[in-house]
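Numbering (the numbering used here), first residue to last: 3 to 307.
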């Protein structure tokens, strides 16, 4: 039993403080959800002192984000583009516009077979343009989206990227110890355990199942984060207990954006924050560092009839 009269959910991520360990994952085309799009989401994260990751498939520009959330903790998600000059320019634009890290997605060498989207003949409306990508692919931006990643990219590409930017590199899309070790070896500062929201390939592991393996392999070398499947504060609690330093949410943030713009996103974050605080209180934890693997067990621990 411990005193839990006051609890502190704050932590540090890449050496900088955040109010609580729940951030917003990169999600594309947010103007489909709300007319302010990514600007509204970034402002919500700024107001609550947490991290917002901007997708390369954004409907808002670097400059618009910097204006909407000038004091926000903003990271940029990008790919290992086929055109290295494009990779270099994205990195430089991120630096110039106050972004604090580059999040490199490595599990998107080609789009997944989303047959429901093919059946629906989904196309973006005119108000939801790929603003960032159109800088480089004005004539055929859809082709650029499909073929955005370099199919020949390997870990040497990441090592090169670390030499041309001063921003820390976060590798997103890792689910195995082997890839985690490789990422750490080429200079990544952090790993985001992610399965692309389950949208890329069926039957891949859930991120909460993959997390312990990655933490065991490189948790002593780099920071580990997780996204995917976070739906309430106890999910956050489990991920932090298993070694994640922070979690990120995708779909829940968009649900909040649809419901109420920036205030809707803030409501979602506050709900998760309150639920995490409640779970910590009821399990005798007053600070995030109290959470460890002794506080959770796998479901297979229990016998079943």
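Every residue, glycine too, gets a C-beta built ideally from N, C-alpha and C.
Assigned with DSSP and collapsed to three states, residue 10 falls in strand.
If you draw a 10 Å sphere on the C-beta of residue 76, you find 16 or more other C-beta atoms in it, and that means buried. Straight-line measurement puts the Cα of residue 249 at about 9 Å from the Cα of residue 237. Contact annotation, residue 213 with residue 245: C-beta distance approximately 6 Å; criterion of less than 8 Å satisfied. Residue 304 is classed as exposed because its beta carbon has fewer than 16 other beta carbons within 10 Å across all chains shown. In the three-state scheme derived from DSSP, where H, G and I count as helix and E and B as strand, residue 40 is classed as helix. Annotation for residue 64: the continuous alpha helix (DSSP H) segment containing it runs 64 to 70. Within the same chain, Cβ atoms closer than 6 Å to the Cβ of residue 35 are found at 256, 259 and 260, the five residues on either side in sequence being excluded.
For residue 120, the three-state secondary structure derived from DSSP is helix. DSSP places residue 268 within a helical segment (H, G or I) once states are collapsed to three. For the set 220, 251 and 222, the Cα lying nearest the Cα of residue 233 is the one of 251. Per DSSP, residue 194 is one residue of the beta strand (DSSP E) stretching across 192 to 195. Collapsing the DSSP output to three states places residue 92 in a helix. In this structure, DSSP gives residue 209 a helical state, which the three-state scheme calls helix. The beta carbon of residue 157 lies closer than 8 Å to those of 184, 185, 187 and 188 in the same chain, with the five residues before and after it left out. When DSSP assignments are scanned along the segment 214 to 281, the uninterrupted stretches of beta strand (DSSP E) that are 3 or more residues long and fall wholly within it turn out to be 225 to 229 and 248 to 251. If you look at residue 76, you'll find it in the beta strand (DSSP E) that goes 75 to 80. Less than 7 Å separates the beta-carbon of residue 271 from that of residue 50. Shown here, residue 200 sits in a helix according to DSSP, grouped into three states. For the options 22, 175 and 44, the alpha carbon positioned closest to that of residue 265 is the one of 44.
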